[in-house]
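A short worksheet on the structure shown next.
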Amino acid sequence: MSDTLFDRLGGEAAVDAAVDIFYRKVLADDRINEFFDGVDMDKQAAKQKAFLTMAFGGPNNYTGEDMRKGHAHLVERGLNDSHFDAVVENLGATLKELGVADDLIGEVAAIAETTRNDVLGK
Amino acid sequence: MPTILYEGQDYHCEPGESVLDCLIRQGVSVNYSCKAGACQSCMMVAVEGKPTPASQVGIKETLKAQNHFLICSCVPETDMQVAAPDQAGSRFDTAVLSVDKLSADVVRLRLARPDNYIYLPGQFLNLSNEAGAVRSYSLASVPELDDFLELHIRHVPGGLVSGWVAEKLQAGDTVTISQAAGQCSYLPGRETQPLLLVGTGTGLAPLVGIVRDALRQGHSGPIHLYHGSSTAEGLYLVSELSAMDEANAVFHYHPCVSRGTPPHGVQSGRATDVALADFAQLSGWRVFLCGREDMVKTMQKKSFLAGASIQDIFADPFIDSAGAGAANAV
Numbered sequence: 001m002s003d004t005l006f007d008r009l010g011g012e013a014a015v016d017a018a019v020d021i022f023y024r025k026v027l028a029d030d031r032i033n034e035f036f037d038g039v040d041m042d043k044q045a046a047k048q049k050a051f052l053t054m055a056f057g058g059p060n061n062y063t064g065e066d067m068r069k070g071h072a073h074l075v076e077r078g079l080n081d082s083h084f085d086a087v088v089e090n091l092g093a094t095l096k097e098l099g100v101a102d103d104l105i106g107e108v109a110a111i112a113e114t115t116r117n118d119v120l121g122k
Numbered sequence: 123m124p125t126i127l128y129e130g131q132d133y134h135c136e137p138g139e140s141v142l143d144c145l146i147r148q149g150v151s152v153n154y155s156c157k158a159g160a161c162q163s164c165m166m167v168a169v170e171g172k173p174t175p176a177s178q179v180g181i182k183e184t185l186k187a188q189n190h191f192l193i194c195s196c197v198p199e200t201d202m203q204v205a206a207p208d209q210a211g212s213r214f215d216t217a218v219l220s221v222d223k224l225s226a227d228v229v230r231l232r233l234a235r236p237d238n239y240i241y242l243p244g245q246f247l248n249l250s251n252e253a254g255a256v257r258s259y260s261l262a263s264v265p266e267l268d269d270f271l272e273l274h275i276r277h278v279p280g281g282l283v284s285g286w287v288a289e290k291l292q293a294g295d296t297v298t299i300s301q302a303a304g305q306c307s308y309l310p311g312r313e314t315q316p317l318l319l320v321g322t323g324t325g326l327a328p329l330v331g332i333v334r335d336a337l338r339q340g341h342s343g344p345i346h347l348y349h350g351s352s353t354a355e356g357l358y359l360v361s362e363l364s365a366m367d368e369a370n371a372v373f374h375y376h377p378c379v380s381r382g383t384p385p386h387g388v389q390s391g392r393a394t395d396v397a398l399a400d401f402a403q404l405s406g407w408r409v410f411l412c413g414r415e416d417m418v419k420t421m422q423k424k425s426f427l428a429g430a431s432i433q434d435i436f437a438d439p440f441i442d443s444a445g446a447g448a449a450n451a452v
């Protein structure tokens, strides 16, 4: 058995499998989809992939500062904890759909949780 | 050690160093974010030298075919010349072969194809008028089938470039064009995949090129082309496309008008709505969208929500040139 969470989830192939499902759930979710109106979908999908790679424990160089800057304009538009929760919920549902075990989903959610304060500019 | 040529300057790579790290170390300001091959914000074009396979993982196939790569993930094996994706362009002077009307307000411009002019059907080029105003127009021609370049240009009242084309240009004149760009093209492989193409107005031009190219390459899955216009007068190439539909079992042409009573053989409604009513499930489809920006963006989202993979949706929004300077083909 491999050691890292990223390996146990299936690495890059798992991210590729998850990104369409996750992004589709987010766009279909009326609690949060207004924040995605008018974005460039190709660029947004690449960002989702970077986020999923990080949440899966994969290679990344994201800093809290990146997260703050990247979401500041959304915080101004009212982005709050309920929206963050909705994203984490969609992330969990995506992994469930892909047949990922609950304990691994918990680990992914815990990594995503570490970005909450930076994303929400707290 | 490999050397990277960027914006006219040579940069020497240390062993094991990525192109991005090499440029950063030497004080070059470039776009990047994740440095892990995920966010794609550091994408560049290899003008000379081959990108490593690792640096093209996850990039859209059409961009891969044009040597786009992620500089954070490329430890170069050979010397390379790299450029930002929108600055790799060069210019060509070429002769006008013909100017003729396809409909009341659409002009077909055919240009001699310059030697070494490389393009994929569905890409666009920039056309400059004599005063230097620039507009983007999509190519309707296919390099393997046509020895000319074909553009469909809507004659915009007061349009600097379209007015010049429609009113002044004649066969034998010389015009200046850029190299072709854009990633809305058909690439071979997965030839049984169903294709959905939706275009409004002169968004038909790139789609015609893509359809002819797919048929040329032996695409065997169904190909559905929806062309929308507000009125029947705005449709063009109707008889040519109907003949193509007759001649090719896999190709289906669906002209649509959104206002008034449609003529025989034309469906009523907006092209996007008609297409989604015909095909509500797009899982596994490849989708091409060209035309007005609002239509393209809305349909891109709807296609994705209907199941098409984001990697399989190719969109070319035409930005209205009124406010946007050198924008895409209106």
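Top line first, the protein sequences correspond to chains G and F.
For the first sequence, the numbering used here begins at 1 and goes up steadily by one.
For the second sequence, the numbering used here begins at 123 and goes up steadily by one.
Don't be surprised by glycine CBs; every beta carbon is placed ideally from N, CA and C.
Contact set between residue i and chain F, taken where Cβ atoms lie within less than 7 Å
i	result
residue 61 of chain G	156, 157, 158
residue 24 of chain G	426, 427
residue 53 of chain G	158, 160
Exposed unless 16 or more other CB atoms sit within 10 angstroms - verdict on residue i
i	result
residue 131 of chain F	exposed
residue 291 of chain F	buried
residue 450 of chain F	Residue placement at residue 450 of chain F is poorly supported in this model, since its pLDDT is 43, which falls under 50; the coordinates still yield a value, given next. Burial call: buried.
residue 267 of chain F	exposed
residue 232 of chain F	buried
residue 376 of chain F	buried
residue 425 of chain F	buried
residue 340 of chain F	exposed
residue 365 of chain F	exposed
residue 356 of chain F	buried
residue 137 of chain F	exposed
residue 114 of chain G	exposed
residue 444 of chain F	Here residue 444 of chain F scores only 45 on pLDDT, less than 50, and its place in the model is too uncertain to base an answer on.
residue 342 of chain F	exposed
residue 77 of chain G	exposed
residue 417 of chain F	buried
residue 3 of chain G	exposed
Neighbouring residues, chain G, relative to residue i (Cβ below 8 Å)
i	result
residue 423 of chain F	27, 41
residue 161 of chain F	46, 47, 49, 50
residue 431 of chain F	20
residue 321 of chain F	Neighbours of residue 321 of chain F on chain G: none; closest Cβ ~18 Å, over 8 Å.
Nearest-angstrom Cβ-Cβ length linking residue i and residue j, presumed shorter than 8 Å
i	j	result
residue 118 of chain G	residue 57 of chain G	Going by Cβ atoms, the distance from residue 118 of chain G to residue 57 of chain G rounds to 18 Å, so no, they are not a contact pair.
residue 502 of chain F	residue 147 of chain F	With chain F running from 123 to 452 in the structure shown, residue 502 of chain F is simply not present.
residue 284 of chain F	residue 271 of chain F	17 Å between Cβ atoms; not a contact.
residue 207 of chain F	residue 167 of chain F	5 Å
residue 428 of chain F	residue 404 of chain F	4 Å
residue 413 of chain F	residue 321 of chain F	5 Å
residue 79 of chain G	residue 35 of chain G	7 Å
residue 261 of chain F	residue 316 of chain F	The pair is not a contact, with the Cβ atoms about 24 Å apart (cut-off 8 Å).
For residue i, the nearest candidate out of the options (CA to CA)
i	options	result
residue 201 of chain F	F:256, F:140, F:389	F:140
residue 333 of chain F	F:323, F:318, F:322, F:324	F:318
residue 394 of chain F	F:415, F:385, F:386	F:415
residue 90 of chain G	G:6, G:9, G:33	G:33
residue 252 of chain F	F:159, F:299, F:265	F:299
residue 177 of chain F	F:150, F:147, F:142, F:149	F:142
residue 29 of chain G	G:87, G:102, G:116, G:108	G:87
residue 374 of chain F	F:345, F:365, F:383, F:331	F:345
residue 307 of chain F	F:249, F:437, F:191	F:437
residue 287 of chain F	F:329, F:331, F:219, F:313	F:219
residue 6 of chain G	G:83, G:52, G:92	G:52
residue 48 of chain G	G:26, G:110, G:104	G:26
residue 324 of chain F	F:340, F:278, F:336	F:278
residue 282 of chain F	F:396, F:215, F:254	F:254
residue 61 of chain G	F:330, F:364, F:156	F:156
residue 249 of chain F	F:301, F:195, F:222	F:301
residue 184 of chain F	F:408, F:363, F:417	F:408
residue 382 of chain F	F:368, F:229, F:352, F:358	F:352
residue 363 of chain F	F:384, F:379, F:326, F:389	F:326
residue 120 of chain G	G:100, G:108, G:75	G:75
residue 66 of chain G	F:203, F:261, F:154	F:154
residue 305 of chain F	F:172, F:435, F:213	F:435
Proximal residues of chain F, C-beta to C-beta of residue i below 9 Å
i	result
residue 66 of chain G	155, 156
Beta-carbon neighbours of residue i, restricted to chain G and to distances below 7 Å
i	result
residue 244 of chain F	In chain order: nothing, as chain G lies at least about 16 Å away.
residue 413 of chain F	By Cβ distance, chain G contributes nothing, its closest Cβ being about 16 Å from residue 413 of chain F, past 7 Å.
residue 311 of chain F	Correct list: empty, because the minimum Cβ distance to chain G is about 17 Å.
Listed by chain order, chain G residues near residue i by CB distance under 9 Å
i	result
residue 130 of chain F	Per Cβ cutoff of 9 Å: no residues; residue 130 of chain F is ~28 Å from chain G at best.
Closer than 7 Å: residue i CB and nearest the ligand NAD heavy atom
i	result
residue 92 of chain G	The model depicted lacks the ligand NAD and carries no ligand whatsoever.
List, from N- to C-terminal side, the beta strand (DSSP E) runs of 3 residues or more that fit wholly inside the segment 304 to 368 of chain F. 317 to 322, 345 to 351
At 3 residues or longer, and completely inside the segment 366 to 450 of chain F: list those beta strand (DSSP E) runs for me, N to C. 373 to 379, 408 to 414, 435 to 440
Extract the residue ranges of the alpha helix (DSSP H) inside the segment 173 to 217 of chain F, only unbroken runs of 4 or more that lie entirely within it. 183 to 187
Length-filtered (4 minimum) alpha helix (DSSP H) runs lying within the segment 53 to 97 of chain G: 64 to 76, 81 to 97
Contiguous beta strand (DSSP E) assignments of at least 3 residues, all confined to the segment 218 to 299 of chain F: 228 to 234, 246 to 250, 256 to 260, 270 to 276
Segments assigned alpha helix (DSSP H), at least 4 residues, entirely inside the segment 134 to 173 of chain F: 141 to 147
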